[in-house]
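Asks: Before I ask anything, here is the structure I am working with.
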Amino acid sequence: MLLLTLSACRQSVVPLPAPTLPRVVPSAPSSTTAPVTEPQPTVINLAQVPYALAWVSDIEPLAVRQPAGITSMAVASLASDQRGLTITGKTTLMGSSTWVEINLPEGGKGWIRDWNLTEDVPSSTFCEDIRIADLANQFIVAIRERDGGKLSELVSPKRGLIIRHDWWNPEVNLAYSSVPGFFLDPTPINWGVNRDSELEIDGTIREVILPQLEDVFSIAPELNCNKLGAGSTARDAMWPSDYSNLNYISFYRAAPDPGSQLNWRTWALGIEYLAGQPYLTLLIQYRGEI
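Written out as structure tokens, the structure is:
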């Protein structure tokens, strides 16, 4: 199995043997043994957690409304890179959307959709989180074993899994309940277009996405934190501005030498925290273009 380590900059993948965990032998009970106190779970007050915006266009600011609802009056607007927001703890359901009341940076309160909020985790904190390397390894295992159950354990229950065939192609949203069937789903999907040929990209996840994921792990890829590994291409590889506040890791498979320098591939994994726990939210592909 391929085991990864992660740092704030680039890190190569190093094949390591699977760790052997020591066997714990419980001690015999004794009349002098002090009673064991079970550790208590940490209670996170979400009203005190800082939040950032996500899924907000850098062209059009997000309207903050009062009261909740898309037809209510806009009382403020927030740029796509807004961070450091706090919530009051009040929520309300409007149709199929949950709305959350936030404290405005300049004072006052207003409402936005919960979809546009993500826990605000600084890049340095994210890249030093030892759980991220474990998530990366578990993702590789799930792909190699084609195990939808393992994959679903990594995915955000809030958003499900959002896939982009290319960073500039549209999102394809896979509901959380559908993730266990990731490798077997027979549903044909339109993934956008090939920019070079302008031909539509149609097919199932197994036909279109899976071979390109497996290609990255055909050799030991380069692992990056909040950085995109990329080779030669006519257009720059960019992390979409809609996700500017979202942390990510990327797996970069370099072009073979000898061979076409355009034949490289990268998959970026957008990671979102829910109650302090990191989850996979996004899969975005990057590749050489003419």
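Take 10 as the starting number for the sequence shown in my numbering and just add one per residue. Where a beta carbon is used, it is the ideal one built from N, C-alpha and C, also for glycine.
Given a cut-off of 8 Å on the beta-carbon distance, is the pair ILE121 and LEU71 in contact?
Replies: yes
Asks: In the DSSP assignment, the beta strand (DSSP E) including ILE171 goes from what residue to what residue?
Replies: 170-173
Asks: Give the straight-line distance between the Cα atoms of ALA239 and PHE226, rounded to the nearest whole angstrom.
Replies: 15 Å
Asks: Alpha carbon to alpha carbon, how far is GLN75 from PHE191? Give it in angstroms, no decimals.
Replies: 39 Å
Asks: Exposed or buried, what is GLN91 when buried is set at 16 or more other beta-carbons lying within 10 Å of its beta-carbon?
Replies: buried
Asks: List the DSSP bridge partners of ALA277.
Replies: SER259 and ILE293
Asks: Mind checking ILE79: buried by the 16 CB within 10 Å criterion, or exposed?
Replies: exposed
Asks: Rounding to the nearest angstrom, what Cα-Cα distance links LYS99 and ALA77 in this structure?
Replies: Straight-line spacing of the CA atoms in LYS99 and ALA77 works out to 11 Å.
Asks: Whose CA, out of TYR257, ASN178, ILE218 and LEU160, lies closest to the CA of SER136?
Replies: Residue identity check: residue 136 is Cys in the sequence provided, not Ser. Of the candidates TYR257, ASN178, ILE218 and LEU160, the one whose C-alpha sits nearest the C-alpha of CYS136 is TYR257.
Asks: One question on the structure: do GLY61 and LEU94 come within less than 8 Å of each other, judged by their Cβ atoms?
Replies: First, the residue type needs correcting, since residue 61 is Ala and not Gly in the sequence shown. A contact, by the Cβ cut-off of 8 Å.
Asks: Assign LYS159 to one of three DSSP states: helix, strand, or coil.
Replies: helix
Asks: How long is the line joining the alpha carbons of PRO179 and VAL58, rounded to whole angstroms?
Replies: 31 Å
Asks: Rounding to the nearest angstrom, what Cα-Cα distance links SER66 and ASN254 in this structure?
Replies: 12 Å
Asks: Any idea if LEU183 is buried or exposed, counting beta-carbon neighbours within 10 angstroms, 16 or more meaning buried?
Replies: By the neighbour-count rule (16 or more Cβ atoms within 10 Å), LEU183 is buried.
Asks: Between SER206 and GLY268, what straight-line distance do the alpha-carbon atoms span, to the nearest angstrom?
Replies: 21 Å
Asks: Between which residues of its own chain and PRO195 is the CB-CB distance below 7 Å, once the five residues before and five after are set aside?
Replies: THR213
Asks: Assuming contact is defined by CB atoms lying nearer than 8 Å, are ILE68 and TRP176 in contact in what I supplied?
Replies: no
Asks: Within the region 203-256, note down every full beta strand (DSSP E) run reaching 3 residues or more, in order along the chain.
Replies: The qualifying runs are 209-212 and 231-234.
Asks: Residues in its own chain within less than 6 Å of VAL33 by CB, not counting five upstream and five downstream?
Replies: Confidence at VAL33 is low in this model, with a pLDDT of 29, below 50, so the placement of that residue should be treated as unreliable; the coordinate-derived value is given next. None.
Asks: With H, G and I counted as helix, E and B as strand and the rest as coil, what does DSSP make of VAL84?
Replies: strand
Asks: Label GLU281 either buried or exposed according to how many other C-beta atoms from any shown protein chain fall within 10 Å of its C-beta, with 16 as the threshold for buried.
Replies: Buried, by the Cβ-count rule.
Asks: I'd like the ranges of any beta strand (DSSP E) spanning at least 3 consecutive residues and lying wholly in the region 66-110.
Replies: Runs of the beta strand (DSSP E) inside the region 66-110: 71-75, 82-87 and 95-103.
Asks: Taking 8 Å as the threshold (C-beta atoms), are PHE260 and TRP276 in contact?
Replies: yes
Asks: Using alpha carbons as the reference points, say which of THR107, LEU283 and ALA63 lies closest to LEU87.
Replies: ALA63
Asks: Are there 16 or more other CB atoms within 10 angstroms of the CB of ASP129, so buried, or fewer, so exposed?
Replies: buried
Asks: Let me confirm a value: ALA246 is counted as buried when at least 16 other C-beta atoms fall within 10 Å, else exposed. Which label applies?
Replies: When all chains shown are included, ALA246 counts as buried.
Asks: Look up ALA63 in the DSSP assignment and give the residues it is bridged to.
Replies: In DSSP, ALA63 forms no bridge with anything.
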